[in-house]
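Q:
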Amino acid sequence: MFGFTLQCIFVLGQIFLFVSARKTRDMIYTDVTGFSACVRRFNATHQIGCSSDFHGNTGVIHYMASVSDVQWLLDVGPHKPYIALMEPQVFLLPTVNKLTKSGKVSGIMVININSSQVIDEDFYFSPDLKCPNDNFGFYSSDNISSEYAHCGSVEWNPAGNGMNFMDFDIPIISLYNETEVQYLIKCYKDHNEPVNNRAQSYPLCAAELHSFMFGAKDTPTCMRRTQQTTNLEVSVFCDPIGDFNVWMTLKPTNKDNPLQEQSLIVAAAQIDSFSLFYNVQPGRGAEHAASSYITLLAVAQALGALNTNIKQNMTDIMFAFFQGESYDYIGSSRMVYDMLNGSFPYIPDASKTQPAFVTLKDIRYFLELNQLALVKNGNVYAHIDPITYPQTKTQTDELLDNLQMATFGNITIKRPDILNQPVPPASFQQFLRSKVKVPGIVLTDHQTEYQNNYYNSRFDSPELINIEEDYTSQVSPLAVELSEIATTVARALYKLARPHATDEESIRANVSTIHEMLYCFLVKANCPLFRSVVSKTESERLSNVSYDAYVGVFGTDQGSLGNFVYRLLGYFTGNLTWTEHNDSDETKDQCKDSDSDQISHYFFMQGPNPEDGYGYCVKSNVNLAKAQSPAFIDGQEDWTSTQYSTWTESQWSSTAFSARVYLKPSPEQESVIFCLGMVVVLMSLLVSYFFNARANILFSSI
């Protein structure tokens, strides 16, 4: 009985110690949870990004609101290492380089709570290169004139500082929770803020950052280590970056009726964007990507509404939405690769019903939408490649003429003043690079350098293009402008596909739908439009912020943003097969794809009036295609490729990202605490030894 009592006391003691330890931890540390971390990525030759030490990085917090705060740390700051808490205007490459080289900084926290406070004419920030995707574009080829190589004639992104492609040996995080940011600033002001240019004494407000990355060096090294088996287990250190392209043809095709050469018009846009920080929210890529794919979705909706008989008498139009373009054209390069190898959209399979296979020679016109939210005076610029233009002049001019004749509203389609300037960084460059002379145009809001001073950064946000969070407000001016561009493009494509038609003016993009898409893609995914294209169960899981445009590692699942592009494209162009006043699993099972049919795809959704409780089954020929670099195709791996993207992303543990704040005592006090702790440990060992040596006496049974 006495032994059982001791066991109970022991168990209760352990529980007490655990609870006490937890309470003690909570008394010492305050967790910071509202942040996105800079992670590590690799290509064939380099590693870029950030990582903490294995056990994390600690330092005294120093708030930097101006250059003078930075200089104080460098010249005076006696309490290294420091964790810099930086306002966005201070987080610039020269400043970061100074801090990291000083040896005084072990981490950086960047405040990112209100883009509208930062965005003005005097502030520029683009962590991408001045010549984006330079080494994998058409003009990087050895046989191309040097005047076009490396943006020799046009520096497209003058605001670019290349920070995305640099390697930092410290953790860097972006803070987006305003309450936590204010707490950090208050902690700094209460304990750390210099008085009369002199540092305060201990205790000081400090932080601990964890963001340890498993991968290192470059893609060949990291992938080779990943494929090595140790103790019958495979350790994964990095994975290829990628997702899925979304595409469809206006008319369903079948491989039993092969396409004829130059029988297809392609209209394309990029979906993804990126920034220095992983999954940074919300609505990034607003101008760079969203303005383009939203406009193209509106074009698809306008043409999808055409009568079936009219569509059958048109040249087919293919809509393509590319993923992974920010990482050296992953999506478009894979589509071109598959077209060259006779495997687009699928690897031939005699046992399945498949769409007609598409080759580059089947493309009659190629039109890409790229950056359309910052149009000035209604001018949209049509960029044409000067190298292939002599061979494609007839068809390229046809495309341009139809665009100019179809202009609607205040929109004007113009060629840049310098006619022989190259095409800007765009997916079309991968089609040009194939050496098949594809006639094409890239439409943008810029004539030469980008209008967007925040290209591929966290500031390419809804605030930049004046998208408000109030969904009930009147249709935004941007929605009106994009609807005019979409109407222009839709009418031009229609005339190219049906040259003798005279009813093109009946085609018009829906401005209300564009307004909804801007809100849903950039502000809040839990919106009426998105709820209408998913089931009731799925609608309950929609995010109250927008889905990010970041492309992660390639896997079996499609990213959320791409999934809604996929569903909306099906919704806008598909056919209703049945309506059921039921949203059960049994009903959904009747609306699903057939394993043997790769042409038709089915969507179960709530439809335009979710409150009615109906379930709609929509049939469409919208498809997915791998947006994985050809450098990672199984059995054909080429991790040192200079032709295709080799980007991978490091793995990290499920608990890798954490940040917490605490008060740091002086080194002397830390030494005293350590010594007292050692004394307690030694005394505990002596007491334990005493009880163990006399256990037969102290715990003898009665």
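Quick note, the sequence shown lines up with residues -21 to -1, 1 to 681 if you use mature numbering (1 follows the signal peptide of the UniProt record, and there is no 0).
Think of the CB as a built atom: it goes at the ideal place given N, C-alpha and C, for glycine as much as any other residue.
1) List the residues that DSSP assigns as beta-bridge partners of residue 682.
2) Could you check the C-alpha separation between Gln426 and Ala185 for me, to the nearest Å?
3) Are three or more beta carbon pairs between the region 41 to 53 and the region 72 to 87 nearer than 8 Å?
4) What ranges does the beta strand (DSSP E) occupy inside the region 539 to 608, keeping only unbroken runs of at least 3 residues that lie completely in it?
5) Compare the C-alpha of residue 684 against each of Val651, Ala284, Arg19 and name the closest.
6) Does DSSP put Met145 in a helix, a strand or coil?
7) Count the other CB atoms within 10 Å of the CB of Val174; is the residue buried (16 or more) or exposed (fewer)?
8) Whose CA, out of Asn671, Val421, Leu163, lies closest to the CA of Ile392?
9) From this set, Thr634, Asp251, Tyr272, which residue's C-alpha is nearest Arg263's C-alpha?
10) Using only the heavy atoms of the ligand MN, determine whether one of them is closer than 6 Å to the beta carbon of Pro199.
11) Name, in chain order, the residues that DSSP records as bridge partners for Glu628.
12) Just how far apart, CA to CA, sit Ser667 and Ser180?
13) Compare the beta carbon distance of Ile7 and Tyr429 with 7 Å and say whether it is the shorter of the two.
14) Let me check one thing: in DSSP terms, what residues is Ile342 bridge-paired to?
15) What is the DSSP secondary structure of Lys393, counted as helix, strand or coil?
16) Buried or exposed: where does Ile152 fall if 16 or more other Cβ atoms within 10 Å of its Cβ makes it buried?
17) Leaving out the 5 sequence neighbours to the left and right, which residues in its chain are closer than 8 Å to Phe543 when beta-carbon positions are compared?
18) With a Cβ-Cβ cutoff of 7 Å, do Ala458 and Ala281 count as a contact?
19) Which value, in whole angstroms, describes the spacing of the CA atoms of Gln537 and Gln249?
20) Mind checking whether Val490 and Phe410 have CB atoms under 7 Å apart?
21) Closer than 8 Å is the cut-off here; do at least three beta carbon pairs connect the region 142 to 157 with the region 105 to 125?
22) Which word fits Pro369, buried or exposed, when buried means at least 16 other C-beta atoms lie within 10 angstroms of its C-beta?
23) Would you be able to state if there are at least three C-beta pairs under 8 Å between the region 160 to 174 and the region 582 to 599?
24) Just checking my contact of His580 with Gly549 at CB under 8 Å: how many whole Å lie between their CB atoms?
25) Determine contact between the region 433 to 445 and the region 464 to 478, defined as no fewer than three beta-carbon pairs at a distance below 8 Å.
26) If I measure Cβ to Cβ from Thr294 and keep anything under 8 Å in the same chain, skipping five residues before and after, which residues do I get?
27) Kindly indicate which three-state DSSP category residue 721 falls into: helix, strand or coil?
28) Going straight from the alpha carbon of Ser624 to that of Leu346, what length do you get?
29) Which one or two residues does DSSP pair with Asp295 in a beta bridge?
30) DSSP beta-bridge partners for Asn36?
31) Can you tell me the Cα-Cα spacing of Phe551 and Gly139, whole angstroms?
32) By the three-class DSSP mapping on this structure, what secondary structure does Ser650 have?
33) Apart from the five residues just before and just after Thr12, which ones in its own chain have a Cβ nearer than 6 Å to its Cβ?
34) Mapping the DSSP letters down to three states, classify Asn358 as helix, strand or coil.
35) Tell me, please, which residues DSSP counts as bridged to Asp10.
36) Could you give the distance in angstroms between the alpha-carbon of Lys59 and the alpha-carbon of Pro219?
A: Reading it off the structure:
1) Here the chain comprises residues numbered -21 to 681, so residue 682 is not present and cannot be evaluated.
2) Answer to the nearest angstrom: the Cα atoms are 48 Å apart.
3) The answer is yes - the region 72 to 87 touches the region 41 to 53, with three or more Cβ pairs under 8 Å.
4) 554 to 559, 580 to 584, 594 to 599, 602 to 607, all fully within the region 539 to 608.
5) The structure shown has nothing for residue 684, since the chain only spans -21 to 681.
6) Three-state result, Met145: coil.
7) By the Cβ-count criterion, Val174 is exposed, with fewer than 16 other Cβ atoms from all chains shown falling within 10 Å of its own Cβ.
8) Among Asn671, Val421, Leu163, the Cα nearest to that of Ile392 is on Val421.
9) It is Asp251.
10) What this structure holds is no ligand at all, so the ligand MN is not there to describe.
11) The secondary-structure analysis by DSSP pairs Glu628 across a beta bridge with Arg20, Asp218.
12) Cα to Cα, the separation comes out at about 40 Å.
13) Contact: no.
14) Answer by DSSP bridge pairing, in chain order: Leu243.
15) Lys393 falls in the strand class under three-state DSSP.
16) With 16 or more other CB atoms across the displayed protein chains lying within 10 angstroms of its CB, Ile152 is buried.
17) If we look at Phe543 and ignore the five residues flanking it on each side, its Cβ neighbours are Cys499, Phe500, Ala504, Phe509, Val512, Tyr526.
18) In this structure, Ala281 does not lie closer than 7 Å to Ala458 by Cβ.
19) Their Cα atoms are separated by approximately 15 Å.
20) The Cβ-Cβ distance between Val490 and Phe410 does not fall below 7 Å.
21) Between the region 142 to 157 and the region 105 to 125, the count of C-beta pairs closer than 8 Å reaches three or more; the two stretches touch.
22) When all chains shown are included, Pro369 counts as exposed.
23) The region 582 to 599 vs the region 160 to 174: no contact.
24) Correct: roughly 7 Å between the Cβ atoms.
25) A contact is defined here as three or more CB-CB pairs under 8 Å, and the region 433 to 445 fails this definition with respect to the region 464 to 478.
26) Ser242, Leu243, Ile244, Arg343, Leu475, Ala476, Arg477, listed in sequence order.
27) The displayed coordinates of the chain run from -21 to 681. Any statement about residue 721 would go beyond what the structure contains.
28) Between Ser624 and Leu346, the C-alpha separation is close to 23 Å.
29) The beta-bridge partner set that DSSP reports for Asp295 consists of Leu243.
30) Under DSSP, Asn36 forms a beta bridge with Leu188.
31) Taking the straight line joining both Cα atoms gives about 37 Å.
32) Three-state DSSP puts Ser650 in a helix.
33) Closer than 6 Å at the Cβ level, and outside the excluded window around Thr12, lies no residue.
34) Strand.
35) In DSSP, Asp10 forms a bridge with Arg639.
36) About 38 Å.
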